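Only one structure is covered here, and it is reproduced in the block below.
In the numbering used here, the protein residues as written are 11 to 139.
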């Protein structure tokens, strides 16, 4: 059963301005494994990668119903890596169910959506009490 859906969209130029003013911004949003990927990319791809992770983490927070920075959830509580086929996935998140993620970008915008799905126990045998 779907228990949450979140979507976030950002302008890449706005993200570039934040990075210019706050050079350590990427290290605040990205965990070490994400930061290693970020640092290996060209400047343009860095912006798309950082924007994708930022919006995906914001979308997760919206789906979870908390927001980020409210003391309940921080950017560092979430990590998004890529499978061998390139598909992103949450490798670290405070949620035990299934997490579905999509990240897309154009030349000027980045968008991410996240669906949180509760793990179904329908096919399990009832426990003997």
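The C-beta atom is built at its ideal place from N, Cα and C for all residues, glycine as well.
All figures in this text were calculated on a predicted structure; none of them were measured in a lab.
Cβ distance (whole Å) where residue i is taken to contact residue j below 8 Å
i           : j          : result
residue 39  : residue 63 : 6 Å
residue 119 : residue 22 : 6 Å
residue 91  : residue 36 : Incorrect: roughly 16 Å between the Cβ atoms, too far for contact.
residue 78  : residue 71 : 5 Å
Secondary structure of residue i, DSSP reduced to three states
i           : result
residue 127 : strand
residue 81  : coil
residue 138 : Unreliable placement is indicated for residue 138, whose pLDDT of 48 sits below 50; no coordinate value is reported for it.
residue 13  : strand
Exposure label - residue i; buried when at least 16 CB within 10 Å
i           : result
residue 139 : Confidence is the limiting factor: at residue 139 the pLDDT is only 46, short of 50, which leaves the residue's position unreliable and the question unanswerable from this model.
residue 20  : buried
residue 94  : exposed
residue 31  : exposed
residue 116 : exposed
residue 9   : No answer is possible for residue 9: the residues shown for the chain start at 11 and end at 139.
residue 57  : buried
residue 67  : buried
residue 27  : exposed
residue 73  : buried
Cβ contact (3+ pairs, closer than 8 Å) linking the stretch 12-20 and the stretch 115-124: As far as the Cβ criterion goes, the stretch 12-20 touches the stretch 115-124, which means the pair count is three or higher.
Those runs of the alpha helix (DSSP H) which lie wholly inside the stretch 50-112 and span at least 4 residues: Correct list: 53-74.
Touching by the beta-carbon criterion (3+ pairs, under 8 Å), the stretch 74-83 and the stretch 34-50: The stretch 74-83, when compared against the stretch 34-50, does not touch it at the 8 Å Cβ threshold.
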